[in-house]
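Undergrad: Attaching a single structure in structure tokens format; questions to follow.
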Ligand SMILES: Nc1ncnc2c1ncn2[C@@H]1O[C@H](COP(=O)(O)OP(=O)(O)OP(=O)(O)O)[C@@H](O)[C@H]1O
Ligand SMILES: [Mg+2]
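In the numbering used here, the protein residues as written are 21 to 675.
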């Protein structure tokens, strides 16, 4: 069943959480409550009234003991008193119910919004962010840390309100009973507060370390699951298990340190609170014995003293727990603080038609390493809390907060141009910069030097969304979702697509014939990372996906690397038809695939070392001819061997 949002909640979800960012974490948490503050205030009021009702309970006890029990004439009051006790209990229950539902609504609402926002935000962070942050780290922050923030609102924020209300109401009532008793019942308060403050700083640190370690553990687990094939293939289970055990042990130690803080805090506060209770009781008893207060007052006061000491004791625990909420809030806020990639900025109209004339002019580009998920909290605030800056810690810093390394230029002086509808082929050894050129084209990254123009307009003036809609790309390592093949092919096409269109795209990518052999045909669900499909099949599904988009510019980054020569030939023929009128970029390693291109660029270590058509390049001394000669020789040898061996076998098959 899919749940729907009620209108008022939907409007609250629209808040841009960038507005919560502030170096002061409590202020940030307060801002996070936007839209829910009245509800929260309602819960607080319910708490306060509930606390007041409880004090009425004790006053009623006092009245009963002092005025009714010793007086036979007042016996007729007893049914009324019994009724009042029940009534008060019901009233207290009612307010407890209101507190519970309202605080749950607040906490769950705030977390719902936070989670939605985080997911959306992470979707929009630039590649440069994802290059440096591990997936496990992001998962940790979006789940465990968000949940700690939820607990902050559900338990701690309201808990503090409840404790303060109970404390103040009971204390005020006690003062009306007897001032001296009231004062002795809060004598240890300064000790508890000082102790809580002492633990607060330490628990903060211990918890932060714990969360960081948990993130590491998630990363190991996540990488291990994603890379399960590599692990098995290299028989590295033991190594991976050791690595996991090590991190897990780290978590154990940090978890123990954290629990130790709690374990130490509780008995200490218990002893102090017990002493406090005894002190109040003894004072009260001696006053009652001396006739300074009545027995009823004594009984009522002892009830109230419990509700003064209990909050003091729990206040300490809550202050300590609040630190975990604050740390988690910071870890979430650090992600929110990262700048999104603006996909709509640009002076070109978002609906502009693209013809596909491209010109690169002295383009230079470096991947700029950067520090991500930096804690924006000023150093001063840390030192004030007696914490060391993380850089000085002896433990290694979490990987997510990597220091920027010096950037290295990977593309230098790239200059070429092509008319709409032309085919440009990129050829070059691994790491020569082919994918990087394509990354610039889609504005996954922005170039720092020179100019790229599309239809005569600087590429940086195009909204990224427009470019990505107009360019169909088959990535070097295509990713398929664990959804049906149909959904995977139709991915990214905004209109409704008919089965015919999907099949036509699949045929062009030479994958239709295979899909129909699957038990569920186009409805077959692709396994995690597409493991139920072979590498070549996966590439072809990705080609179909790019073709269905009917893009003006088609980019095939080594799109047929896992496909056999024969199938590649099939795809090439189908593509040749489809590429008509579209500007096409092909990255390939086989000369066969690039021969027909209008322009072939040979790349070496980020530079174009040769360019021209096949005819130009084979007649030149250089890398292209070398590759051509090697590949021709291999092809010839293979052909000979296949011819020699295949004939008898083929005969046999035909019989
Ligand atoms: N996200 C990145 N951050 C930093 N450096 C990168 C990043 N991606 C690639 N590089 C570096 O840029 C250089 C060019 O890489 P690129 O992926 O463009 O090569 P390629 O020609 O596509 O190679 P291949 O044929 O293996 O796909 C390499 O030295 C690589 O280490
Ligand atoms: Mg590449």
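In this text, a Cβ means the ideal position worked out from N, Cα and C, and glycines have one as well.
Provide the residue span of the beta strand (DSSP E) that contains residue 431, from first to last.
TA: On the chain shown, position 411 is the one that residue 431 refers to. Residues 428-438.
Undergrad: To the nearest angstrom, report how far apart residue 164 and residue 319 are at their CA atoms.
TA: Here residue 164 refers to the residue found at position 144 of the chain shown. Here residue 319 refers to the residue found at position 299 of the chain shown. Approximately 46 Å, taken between the alpha carbons.
Undergrad: Closer than 7 Å: is that where the CB of residue 559 sits relative to any heavy atom of ligand 2?
TA: Within the chain shown, numbered from 1, the residue matching residue 559 stands at position 539. Checking every heavy atom of ligand 2 against the Cβ of residue 559, none is found closer than 7 Å.
Undergrad: The beta strand (DSSP E) spanning residue 604 covers which residue range?
TA: Numbered from its first residue, the chain shown carries residue 604 at position 584. That run of the beta strand (DSSP E) goes 603-607.
Undergrad: Can you give me the Cβ contacts of residue 40 inside the same chain, cut-off strictly under 6 Å, excluding the 5 residues immediately before and after it?
TA: Locating residue 40 in the chain shown gives position 20, counting from the first residue. Here the set comprises 48, 51 and 52.
Undergrad: Does DSSP classify residue 382 as helix, strand or coil?
TA: Counted from its first residue, the chain shown places residue 382 at position 362. Three-state result, residue 382: strand.
Undergrad: For residue 303, count neighbouring Cβ atoms within 10 angstroms of its own Cβ and tell me buried if that reaches 16, exposed if not.
TA: Position 283 of the chain shown, counted from the first residue, corresponds to residue 303. Residue 303 is buried by the Cβ-count criterion.
Undergrad: Whole angstroms is fine: what's the gap from residue 543's alpha carbon to residue 645's?
TA: Against the chain shown, residue 543 aligns to sequence position 523. Against the chain shown, residue 645 aligns to sequence position 625. Going by the C-alpha atoms only, they are around 46 Å apart.
Undergrad: Report yes if the C-beta distance between residue 338 and residue 183 is below 8 Å; otherwise report no.
TA: Walking along the chain shown from the start, residue 338 turns up at place 318. Walking along the chain shown from the start, residue 183 turns up at place 163. Their beta carbons are under 8 Å apart, which means residue 338 touches residue 183 by this criterion.
Undergrad: Which of the three DSSP states is assigned to residue 446 in this structure?
TA: Position 426 of the chain shown holds residue 446. Note: residue 446 maps to strand in three-state DSSP.
Undergrad: Considering only their Cβ atoms, is the gap separating residue 432 from residue 626 smaller than 8 Å?
TA: Along the chain shown, read from residue 1 onward, the residue named residue 626 stands at position 606. Along the chain shown, read from residue 1 onward, the residue named residue 432 stands at position 412. The answer is yes: Cβ separation under 8 Å.
Undergrad: Does DSSP put residue 387 in a helix, in a strand, or in coil?
TA: For the purposes of this step, residue 387 is taken as the residue at position 367 of the chain shown. Residue 387: strand per DSSP, three-state reduction.
Undergrad: Determine which residues share a DSSP beta bridge with residue 478 and list them.
TA: The residue labelled residue 478 in the question sits at position 458 within the chain shown. Paired residues: 473.
Undergrad: Mind checking which residues open and close the beta strand (DSSP E) that includes residue 631?
TA: Residue mapping note: residue 631 aligns to position 611 of the chain shown, counting from 1. Looking at the DSSP string, the run of the beta strand (DSSP E) that includes residue 631 is 627-632.
Undergrad: From the DSSP output, in three-state form, read off residue 504 for me.
TA: Position 484 of the chain shown, counted from the start, is the residue given in the question as residue 504. Of the three classes helix, strand and coil, the one that applies to residue 504 here is strand, per DSSP.
Undergrad: With 8 Å set as the bound, which would you pick, yes or no: does the beta-carbon of residue 569 sit closer than that to a beta-carbon of chain B?
TA: Absent from the structure: chain B. Only one protein chain is present.
Undergrad: Is residue 155 near ligand 1, judged by its Cβ being under 7 Å from some heavy atom?
TA: Position 135 of the chain shown, counting from 1, holds the residue named residue 155. Flag unset: Cβ of residue 155 not near ligand 1.
Undergrad: Shorter than 7 Å, the distance from the beta carbon of residue 578 to the closest heavy atom of ligand 2, or not?
TA: Within the chain shown, the letter at position 558 stands for residue 578. Correct: residue 578 has its Cβ closer than 7 Å to ligand 2.
Undergrad: Pick out the complete alpha helix (DSSP H) segments inside the segment 246-309, 4 residues or longer, and give them in chain order.
TA: DSSP runs (the alpha helix (DSSP H)) wholly in the segment 246-309: 248-253 and 257-309.
Undergrad: Strictly closer than 5 Å from CB to any heavy atom of ligand 1: give me those residues in the order they appear in the chain.
TA: Counting every residue whose Cβ lies closer than 5 Å to a heavy atom of ligand 1, we get 151, 387, 430, 450, 451, 452, 453, 454, 455 and 456.
Undergrad: For ligand 2, any of its heavy atoms closer than 7 Å to the Cβ of residue 651?
TA: As a first step, residue 651 is located in the chain shown; it is residue number 631 there, counting from the start. For ligand 2, not one heavy atom lies less than 7 Å from the Cβ of residue 651.
Undergrad: Please name the residue in 75, 382 and 129 whose C-alpha comes closest to that of residue 471.
TA: Within the chain shown, numbered from 1, the residue matching residue 471 stands at position 451. Nearest option by C-alpha distance: 382.
Undergrad: Report the partner residues of residue 577 according to the DSSP bridge assignment.
TA: Position 557 of the chain shown, counting from 1, holds the residue named residue 577. 607.
Undergrad: Looking at the strands, I want to know which residues DSSP matches up with residue 624.
TA: As a working mapping, residue 624 is identified with position 604 in the chain shown. DSSP output for residue 624 lists 627 as bridge partner(s).
Undergrad: Would you kindly report the start and end of the unbroken alpha helix (DSSP H) that includes residue 451?
TA: What you label residue 451 is simply residue 431 of the chain shown in a count that begins at 1. Premise fails: residue 451 is in no alpha helix (DSSP H) and is neither H nor E.
Undergrad: How close, in whole Å, do the beta carbons of residue 250 and residue 267 come, if the pair is a contact with beta carbons under 8 Å?
TA: Walking along the chain shown from the start, residue 250 turns up at place 230. Walking along the chain shown from the start, residue 267 turns up at place 247. Not a contact, Cβ separation roughly 19 Å.
Undergrad: Counting only the same chain and skipping the five closest in sequence on each side, list residues whose C-beta sits under 7 Å from that of residue 513.
TA: As a position in the chain shown, residue 513 is number 493, starting the count at 1. If we look at residue 513 and ignore the five residues flanking it on each side, its Cβ neighbours are 568 and 569.
Undergrad: From the DSSP output, in three-state form, read off residue 374 for me.
TA: Counting from one through the chain shown, the residue named residue 374 turns up at place 354. Coil at residue 374, not helix or strand.
Undergrad: Within a Cβ cutoff of 8 Å, which residues of the same chain sit near residue 79, ignoring the five residues on either side of it in sequence?
TA: Position 59 of the chain shown, counted from the start, is the residue given in the question as residue 79. Within the same chain, residue 79 has close Cβ partners 193 and 320.
Undergrad: Indicate the three-state DSSP secondary structure (helix, strand or coil) for residue 517 in the structure shown.
TA: Position 497 of the chain shown, counted from the first residue, corresponds to residue 517. If DSSP states are grouped into helix, strand and coil, residue 517 belongs with coil.
Undergrad: With distances taken from CA atoms, which of 520, 623, 652 and 615 is nearest residue 636?
TA: Here residue 636 refers to the residue found at position 616 of the chain shown. The shortest C-alpha separation from residue 636 is found at 615.
Undergrad: Quick check on residue 90: does DSSP put it in helix, strand or coil?
TA: Taking the first residue of the chain shown as position 1, residue 90 is located at position 70. Note: residue 90 maps to coil in three-state DSSP.
Undergrad: Using DSSP's beta-bridge definition, name the partner residues of residue 19.
TA: Because the chain is modelled from 21 through 675, residue 19 falls outside the range shown and cannot be assessed.
Undergrad: Assign residue 338 to one of three DSSP states: helix, strand, or coil.
TA: Residue 338 sits at position 318 when you count from the first residue of the chain shown. Here residue 338 sits in helix by DSSP.
Undergrad: Rounded to whole angstroms, how far is the Cβ of residue 573 from the Cβ of residue 490, which I believe are closer than 8 Å?
TA: Position 553 of the chain shown holds residue 573. Position 470 of the chain shown holds residue 490. Between residue 490 and residue 573 the Cβ distance is about 6 Å, and since that is below 8 Å, they are a contact.
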